[in-house]
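Participant:
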Amino acid sequence: MQRLALCLALLLICGAVSAEQIKPPVKSATKAPAAGATKKTAAKPAPKKGPPAKMLFGAVTAPAPLAARAIGSYARGCLAGGISLPINGPDWQVMRLSRNRNWGTPQLLDYLERLASDARARDGWPGLLVGDMAQPRGGPMITGHSSHQIGLDADVWLTPMPDRILTPQEREDITATSMLKDPFTVDPAIWTPLHTKLIKRAASYPQVSRIFVHPAIKKILCQQAGKDRAWLGKVRPWWGHFYHFHIRLKCPPDMAGCENQKPPSGDDGCGTELANWVSMLRKAEIASAHPAVPGAKPASKKPPLSLGDLPKECMTVLSAGGGMPTIAPDGTVPAALKAEAGKDAGPPAPHLDPEALAALKASMSKSKPGAKAAPAAKPADASASASATAPPAQPASTAGPAAPGAQPASTVGPASPSDSVPLPDRKPQ
Ligand SMILES: [Zn+2]
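According to this note's numbering, the residues represented by the sequence shown are -5 to 423, in order.
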C-alpha cells in the first residue's frame, strides 16, 4: 500500500515538474500538456444550441398560419404565411415534389407565374420547370442550399418544359440538362438563343434583385446580349448553376424584418469580374483534381445555424399553429431524418480529363505572379485546349439518390476559391 502511494506521489511530481519545465524530456512533454488541455476542455461547458435549425425547419410540412412575410436575410431567415406554387400551371410544372420546397411569399409566386406566362407568350419558351423554392416555413434546408430561406429565391431549370404533364415519378427521376461542355464553357450544341431570352426576361422585372448562373453561362450571355446590356448587371456568376438558374427577388416594399442584399454595382459584369471568375474556375478545377492530402487540415466548416442564429421571430414562425417538431432526447429531430430530399436535380459538374488538366496546370504556372501574363487577358485559352469529360448523360431513372455528403450543384461550390481572387458576390446561394 505504502509503495503504491509512493509510486503515485512520484508520478504526480514528475508530471507536475515536466509540465513546468521549459525543455522537458520529450516523453513527458507530450503527456503533460495533453493532460492540461483535457482538463481545460472538460471545464468549459458545451454550448447548448439545440438541434441545427435545418433539422427543425426541414421537419415541418405545413406553413406558419401567420401573415405572409420574409423574415431575415436570404441565407439566415424564415418564412411566415408561406404559400405553395401549384404543381401545374398553364406555363409551368414543379419538379421534385417529394422535397416539398415549392413555397414562397405571394410576391414570389406572382413573379413566377408572370415570368412563365411572359416567357411563353413573348419569347416562345415552352414553360418553366420549377426546382427548389423554400420550405413551408422557409429556414435552412437539410440538403442543397444555404439560401432559399425566406421565400424570395427560386431555382428554374434550363431544360424546357415538355409538352405534357409529367407524372410525379417523372418529376423525381428526370435529370436537368447540363449546359456545359467542359468546366469553363457552355456547349453550343445545347445552349440556344431561347435560353438567353429566358434569362434576360427573368432579369427584366424591377422586383428582381439578382439572377445566379454558372460563370460560363454568364460569359455566353455577355457575348449574346447585343446592345441592350442593362439587365446583365443583375445576372451574377456563381458556382453550380449550370443546369438551372436562380432567381432572387428584392424584399417586397414595406416588409418589416426582410433584409435586402446590397444591389449589384450596375456594371454589366462582363469585364474584370468575369475574368476573375474564369480564373477561380481554373483554380477550383485544379483543386478538385487533388485528393485530400492525408493529415492536411480540412477546410474549416462552419457549424450549422441553430435557431438562435436566426431572427427571433423565426421561433414564432416555427412554433405557430403547433408546428414545432418533436425533438428526441438525444437531440435529433426524427421527422427531419425521415424527410429525405429527392434525387439531385442535375448531373454532376464536368471535369477535365488528365491531359487537359495537365495542360491547364502548365498554363497556370506560367501565369503565376512574377510572370506578367495575367490570366484574365486570355480568357479563352484553357477552354480551347480542354477536351473535357462530358457530363454523363444520365438516363432518368438509373442514378440513385445523391450520395450522403455529396453537394447538390446548387450549393456554394466545388472548392473554395483562393481568397486572393476577389469574389464579387460572396453571399451564399
Ligand atoms: Zn438556388
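Positions of the beta carbon are idealized from the N, C-alpha and C atoms, including for glycine.
(1) Mapping DSSP to helix, strand and coil, what is I81?
(2) Does S300 come out as helix, strand or coil in the three-state DSSP assignment?
(3) Note down, in chain order, each residue of its chain lying with its Cβ closer than 7 Å to the Cβ of G340, except the 5 sequence neighbours on either side.
(4) Between D338 and ligand 1, is the CB less than 6 Å from at least one heavy atom?
(5) In whole angstroms, give me the CA-to-CA distance for K360 and D112.
(6) Would you tell me roughly how many angstroms separate the C-alpha atoms of C308 and L301, rounded to the nearest one?
(7) Can you determine whether any heavy atom of ligand 1 sits closer than 6 Å to the C-beta of D149, and answer yes or no?
(8) How many angstroms separate the CA atom of E166 from the CA atom of D338?
(9) Going by Cα to Cα distance, which pick from D248, E164, C72, A128 is closest to N94?
(10) Classify N82: buried if its beta carbon has 16 or more other beta carbons within 10 angstroms, exposed otherwise.
(11) Report yes if the CB atom of A425 is closer than 7 Å to the CB atom of A53, and no otherwise.
(12) List the whole-angstrom C-beta distance separating P57 from W97, where the pair is believed to meet the contact cut-off of C-beta under 8 Å.
(13) On the premise that C252 lies in contact with A64, defined as a C-beta separation below 8 Å, what is that separation, rounded to the nearest angstrom?
(14) Can you tell me where the beta strand (DSSP E) with W232 in it begins and where it stops?
(15) Is any non-hydrogen atom of ligand 1 found closer than 6 Å to the C-beta of H240, if you look at the structure I gave you?
(16) Consult DSSP for V20 and reduce its assignment to one of helix, strand or coil.
(17) Give a yes or no on whether the C-beta atoms belonging to V202 and K228 are separated by under 7 Å.
(18) For K194, I'd like the list of residues in its chain whose CB is within less than 7 Å of its CB, leaving aside the five on either flank, ordered along the chain.
Facilitator: The short version:
(1) As a position in the sequence shown, residue 81 is number 87, starting the count at 1. Three-state result, I81: coil.
(2) Taking the first residue of the sequence shown as position 1, residue 300 is located at position 306. DSSP places S300 in strand when its eight states are reduced to three.
(3) Here residue 340 refers to the residue found at position 346 of the sequence shown. So the list reads T169, A170, S172, Y237, H238, A403, once near-sequence residues are dropped.
(4) The residue you call residue 338 lines up with position 344 of the sequence shown. No, ligand 1 has no heavy atom inside 6 Å of this Cβ.
(5) For the purposes of this step, residue 360 is taken as residue 366 along the sequence shown, with counting starting at 1. For the purposes of this step, residue 112 is taken as residue 118 along the sequence shown, with counting starting at 1. Rounded to whole angstroms, K360 to D112 spans 48 Å at the Cα level.
(6) Position 314 of the sequence shown, counting from 1, holds the residue named residue 308. Position 307 of the sequence shown, counting from 1, holds the residue named residue 301. If I take the Cα positions, the gap works out to 8 Å.
(7) In the sequence shown, residue 149 corresponds to position 155, counting from 1. Within the cutoff, so yes.
(8) What you label residue 166 is simply residue 172 of the sequence shown in a count that begins at 1. What you label residue 338 is simply residue 344 of the sequence shown in a count that begins at 1. So the two alpha carbons sit approximately 9 Å from each other.
(9) For the purposes of this step, residue 94 is identified with residue 100 of the sequence shown, where counting begins at 1. Comparing Cα-Cα distances from N94 to each of D248, E164, C72, A128, the minimum goes to A128.
(10) Translated into the one-based positions of the sequence shown, residue 82 becomes position 88. Within 10 angstroms of the beta-carbon of N82 lie fewer than 16 other beta-carbons, which makes it exposed.
(11) This structure cannot speak to residue 425, because the chain is shown only from -5 to 423.
(12) Here residue 57 refers to the residue found at position 63 when the sequence shown is read from its first residue. Here residue 97 refers to the residue found at position 103 when the sequence shown is read from its first residue. Yes, P57 and W97 are in contact; Cβ-Cβ is about 6 Å, under 8 Å.
(13) Here residue 64 refers to the residue found at position 70 of the sequence shown. Here residue 252 refers to the residue found at position 258 of the sequence shown. Indeed they touch by this definition, with Cβ atoms about 4 Å apart.
(14) One-based indexing of the sequence shown puts residue 232 at position 238. Careful: W232 lies outside any beta strand (DSSP E) and carries neither H nor E.
(15) Sequence index remark: in the sequence shown, residue 240 carries index 246 (1-based). Yes.
(16) By one-based count along the sequence shown, residue 20 stands at place 26. Unreliable positioning characterises V20 in this predicted model, as indicated by a pLDDT of 36, which lies under 50. The coordinate reading is nonetheless provided below. Helix, per DSSP.
(17) Here residue 202 refers to the residue found at position 208 of the sequence shown. Here residue 228 refers to the residue found at position 234 of the sequence shown. The answer is yes: Cβ separation under 7 Å.
(18) Along the sequence shown, read from residue 1 onward, the residue named residue 194 stands at position 200. If we look at K194 and ignore the five residues flanking it on each side, its Cβ neighbours are W225.
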